[in-house]
Amino acid sequence: MNWSPTQLLLTKAIEKSTSPKSAIRGHQLGYRPKTNAYDAFTVDQFDQYIRELALFGANSIEIMPPRTDDDFTSPHMTIPAIDMIGEQSRIADELDLDVWMWFPNMAKDYEDPQTRIIELTQRKDVFASIPRLDHLFVPGGDPGDLEPDVLFHWLEEVATKLHRFHPSAKIWISPQVFRPTKAWFDRFFYHVNQKYDWFGGVVFGPWVKIPLPELRQLTDASIPIRRYPDITHNLSSQYPIPEWDLAMAMTLGRESINPRPMDQKIIHNSLAQYANGSLSYSEGTNDDVNKFIWTDQEWNPETEVTETLRDYARFFFGPDWVDAAANGFLAEEKNLQGPLLTNTGIQQTLAQWQDMEKRADAKLMKNFRFQMGLIRAYFDAYIQQKLLFETQQEQKAQNVLQRAETEGSLNSINKAIALLNEQMADPYIAQLKQRCLELADALFNSIGAQLTVTPHGAASGRGNFIDNLDVVLNDAPWLLANLNEIKKDTDEKQRLEKIAQLLNRTNPGPRGFYDNFGQGKSWDRVLKPKEWSQDPGGLYGPRASFGVGLRGEEWVHEIQAVGFGGTATPLAWMNQVTTLYDTPLIINYDQLNPEVSYTIKIAYTGRFRANMKLTTDDGHIIHDFIRTGVKPLYEFELPASTYSDGKLVLQWTCGEGERGAQVAEIWIIPKP
112 MNWSPTQLLL TKAIEKSTSP KSAIRGHQLG YRPKTNAYDA FTVDQFDQYI RELALFGANS
172 IEIMPPRTDD DFTSPHMTIP AIDMIGEQSR IADELDLDVW MWFPNMAKDY EDPQTRIIEL
232 TQRKDVFASI PRLDHLFVPG GDPGDLEPDV LFHWLEEVAT KLHRFHPSAK IWISPQVFRP
292 TKAWFDRFFY HVNQKYDWFG GVVFGPWVKI PLPELRQLTD ASIPIRRYPD ITHNLSSQYP
352 IPEWDLAMAM TLGRESINPR PMDQKIIHNS LAQYANGSLS YSEGTNDDVN KFIWTDQEWN
412 PETEVTETLR DYARFFFGPD WVDAAANGFL AEEKNLQGPL LTNTGIQQTL AQWQDMEKRA
472 DAKLMKNFRF QMGLIRAYFD AYIQQKLLFE TQQEQKAQNV LQRAETEGSL NSINKAIALL
532 NEQMADPYIA QLKQRCLELA DALFNSIGAQ LTVTPHGAAS GRGNFIDNLD VVLNDAPWLL
592 ANLNEIKKDT DEKQRLEKIA QLLNRTNPGP RGFYDNFGQG KSWDRVLKPK EWSQDPGGLY
652 GPRASFGVGL RGEEWVHEIQ AVGFGGTATP LAWMNQVTTL YDTPLIINYD QLNPEVSYTI
712 KIAYTGRFRA NMKLTTDDGH IIHDFIRTGV KPLYEFELPA STYSDGKLVL QWTCGEGERG
772 AQVAEIWIIP KP
């Protein structure tokens, strides 16, 4: 079967009938400022996008009210939000698609009668403005912060207003809560299983502590469950890229263009049996490929990813691009895997997309889906070249500092500073960067995609990954800050001592151990109860996290080598091995010498800033609960009894209501 703008060609007679596996198949299309493109869509663009999703098997869309955890409007909006959601509802109704609405509770006190009056009036106005609404999804949190008794009582009142305009609509609720407790969940599931007339089902989404199989057991079998998968974010998310390279995390960030077709099939299929389908969490067009993978999997989870990608390429680009584009998207997913420095596929991926670029006509070059594939290929290749250069410069600077004792500290410091400040001068690399900027402009012109804050008007920390082209990828900020301080010292001996400390920051001494959990080899020590394919959300075991998170806000929008206090920090503090909520973080060591005394030094960084306790497998307390996030480094004695057989098992746990345990670095240091 081949598509063209004016015809559908069947290469042979077809006799086929299929029906969908899942009852719920859809995607969120929120017309709000923080999205990376939707807020610039016109009515016609939404009409086209919704029809395309429906053609691939979607039967639902999810819209948002004008007031959410966001600004009320944006300069990109073509019409007011209240009017656009009416149009989205109308379009879906014409196609007989179910209309869902994500409607968070944004007020402070829902036990206050005046607050409830105001909030109910707002909801009445929204419900009245849309011709069709089948389901209302109210998150238990993220945002919203209601105790279950208050939440369910409040939603009973909301149901009265809802049914005035949409008599058959149901309300669905998620147990999303950032700092969950057993008491919270006990009351939540008590209400869920009352099966109120207005209640539609449970939603499993980001920041739900309970794994989906357990949630299915806690929920009456007659109550449907909808998945709300985060297909739009790369990190600090429900399904982060596993053990992602730090340089990629710093530059692509949380919300870049992110085709992950193979991962999405695994994520879908690993939990599909426990739910009635899905309606994805999306913040724009960056996850476009992922949407179509999920839709195809909800129709038939046995569908091969390559089949979906070939259909995608055939439909959106044309029959001449089926294999090239499908392979191009698969290659871009592989760009995300493993260490960036040694990923030999990245230049090959660029060559694939450049070959397509040379053959593309003017119409295809204006196709936003083709533009998204191109810009990622150029971006990844540029960042790899930048990382190679900056890694080499840092090594050269360290080599110079190693000679400080013979060449003089000030002379070595000045040479090292010059090396760390040196910029790339390769014309080829400059061309890669320029092409990224050109394609960012092209995407803005095509669909209003906002890949920079300036000039495209993106929300900072959202889809603006092109702003990260110049982010420093080595330890230069930390080294420069320290070297400039050392220069102020007037004593040569002290300068040399400080340079030695700088160079030996990670050195645990002879027969010691050092681990940086931004590096793959250190992850070999971490206990993984399940394989990633069985636990892609990391609810049973470890995941990678990013951001320093010291002395400041909890949320991280950009991954930068500074603490929130503005102080330059080592790159190693930007990665953590993390477990969520009260899941233990277990790290194993062996080959310790029972005859040697050790101290353990730990770098506690990360945005959770949790209250953590460290014990060994025999129950010995290394330290009791500590509120992390105040300072990075802690040091403790290791009792000899904890490694009497040469093995040491460390276990971190959090107090109830915490978001999870995070560890960046560990030194096990032999005493002299």
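Using this note's numbering, read the sequence shown as starting at 112 and increasing by one per residue.
A virtual CB, placed ideally from N, CA and C, is assigned to each residue, including glycine.
Predicted, not measured: the structure shown is a model, and the values here were computed from it.
From the options, pick the residue whose C-alpha is nearest to that of residue i; which is it?
i	options	result
A437	T455, W464, Q448, S755	W464
G660	T680, S644, G649	T680
Q702	Q645, E501, P781, A294	P781
D756	T764, V707, I713	V707
N699	R720, S752, G648, V637	V637
W213	S367, K477, R337	R337
L691	P215, I196, P317	P317
K724	F736, Y715, G730, H731	F736
I228	E268, H246, G251, Q118	E268
T153	Y754, T362, T189	T189
Q605	Y651, L208, P588, E516	E516
A553	S393, I528, I486	I486
H277	T726, G484, Y160, H246	H246
R425	A508, E767, L475	L475
Q118	Y493, F555, G429	G429
T710	Q139, N147, I779, I528	I779
A332	M373, Q305, Y339, I342	Q305
S644	A383, P215, V314	A383
L543	N522, R514, T563, Q458	Q458
N722	A772, V433, S752	A772
R770	D729, A683, L650	L650
E642	N478, S381, R421, S285	S381
I577	T419, R421, L550, T601	L550
Q513	L614, H567, V582, D586	L614
With which residues is residue i paired in a DSSP beta bridge?
i	result
W778	Y625, K712
Q687	S656
R298	DSSP output for R298 lists no bridge partner at all.
A772	T690
T117	In the DSSP output, where bridge partners are listed per residue, T117 has none listed.
I336	V313
V760	N699
Y745	I713
V564	Note: V564 sits in no beta bridge, so no partner.
V637	I698
A679	V673
D341	Y392
Does chain C have any CB closer than 8 Å to the CB of residue i?
i	result
L120	Given the protein chain composition of this structure (a single chain), no chain C is represented.
Can you tell me where the alpha helix (DSSP H) with residue i in it begins and where it stops?
i	result
N532	520–532
N401	399–410
R243	That residue, R243, is in no alpha helix (DSSP H); it is neither H nor E in DSSP.
R812	Absent from the model: residue 812. The displayed extent of the chain is 112 to 783, so no value can be given.
I558	538–558
K724	Premise fails: K724 lies in the beta strand (DSSP E), 722–727, not in any alpha helix (DSSP H).
L420	416–427
W634	631–634
R327	323–329
Residue i and residue j look like a contact to me (Cβ under 8 Å); what is the Cβ gap, rounded to whole Å?
i	j	result
W283	G312	5 Å
R201	P259	In fact, because the Cβ distance is near 35 Å, the residues do not count as touching under 8 Å.
P695	T764	5 Å
Y489	L461	7 Å
L231	N170	About 30 Å; that fails the 8 Å criterion.
L530	V511	7 Å
R136	E409	4 Å
W309	K281	7 Å
Which stretch, first to last residue, makes up the beta strand (DSSP E) that contains residue i?
i	result
R616	No beta strand (DSSP E) holds R616; DSSP gives it neither H nor E.
W355	That residue, W355, is in no beta strand (DSSP E); it is neither H nor E in DSSP.
H379	Unbroken run through H379 is the alpha helix (DSSP H), 372–382; no beta strand (DSSP E).
G388	388–391
G137	135–139
G312	310–315
R738	732–738
W283	281–285
I172	171–174
>> Which runs of the alpha helix (DSSP H) at least 4 residues long sit entirely within the region 429–511? Give them in chain order.
In response: 433–446, 456–470, 473–476, all fully within the region 429–511.
_Segments of 3+ residues assigned as beta strand (DSSP E) that fall wholly inside the region 206–265_ = With a minimum length of 3 residues, the continuous beta strand (DSSP E) runs that stay inside the region 206–265 are 209–213, 246–250.
Exercise for the section: Any chance you could list the alpha helix (DSSP H) runs of at least 4 consecutive residues sitting entirely within the region 575–607, in chain order? Expected result: List check, alpha helix (DSSP H) in window: 587–599.
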